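**Student:** Per this note's numbering, numbering of the sequence shown is gapless, rising by one per residue and ending at 114.
Quick reminder that beta carbons are idealized off the backbone N, C-alpha and C, glycines included.
Fair warning: this is a prediction, and the values are worked out from it, not measured in the lab.
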Amino acid sequence: IDKEAELSRLKSNHNFEIDNKIHTLTNEFNAEQSTVLNYTSKIRVHNQEIEHEEKRRKALLSDYKMIETNFKELQDKQFEYIATNFCETCGQELPAEQIESVKQKALEKFNQEKAYDLEVLAKR
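1. What does DSSP give as the partner residue(s) for residue 76 in the beta ladder?
2. Hey, quick one: how far does the alpha helix (DSSP H) through residue 32 stretch, first residue to last?
3. For residue 114, collect the residues of the same chain with a Cβ closer than 6 Å to its Cβ; drop the 5 residues on either side in sequence, then sort them by chain order.
4. Leaving out the 5 sequence neighbours to the left and right, which residues in its chain are closer than 7 Å to residue 100 when beta-carbon positions are compared?
5. Going by CA-CA distance only, name the one from 111, -9, 30, 73 that's closest to residue 95.
6. Evaluate the contact criterion for the stretch 79 to 89 versus the stretch 25 to 39: three or more CB pairs, one atom per stretch, below 8 Å.
7. Take residue 109 as the anchor and find which of 64, 90, 92 has the nearest alpha-carbon.
8. How about residue 62 and residue 104: do their beta carbons lie closer than 8 Å?
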């Protein structure tokens, strides 16, 4: 009987040790699995951020190219004056000194508008 009790005790201790080992390994596995899930989630978030920033970069590049094109067009824009020797209001012929004054005012207006357009474009 003593040997049977001893055998039973040894089996019980052995089962207890195995159960403890299984429990410990299960806990370690769960902790590692949790870590993997945590990193997987972080990777997904970072990939979404990368995708968002890539779309933003493309939009900014597109805007930049459009602004650059508009800027070059504005820079290249030249004053074109079509001489008119007649008053726009009454249709009478203008004196020579007024013709030059009208041309000068048109040039000033062109330069102001061009400067304003360039300033607006520069703020974008």
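**Tutor:** Let me spell this out:
1. 83
2. -8 to 66
3. 57
4. Correct list, in chain order: 69.
5. Among 111, -9, 30, 73, the Cα nearest to that of residue 95 belongs to 73.
6. no
7. 64
8. no
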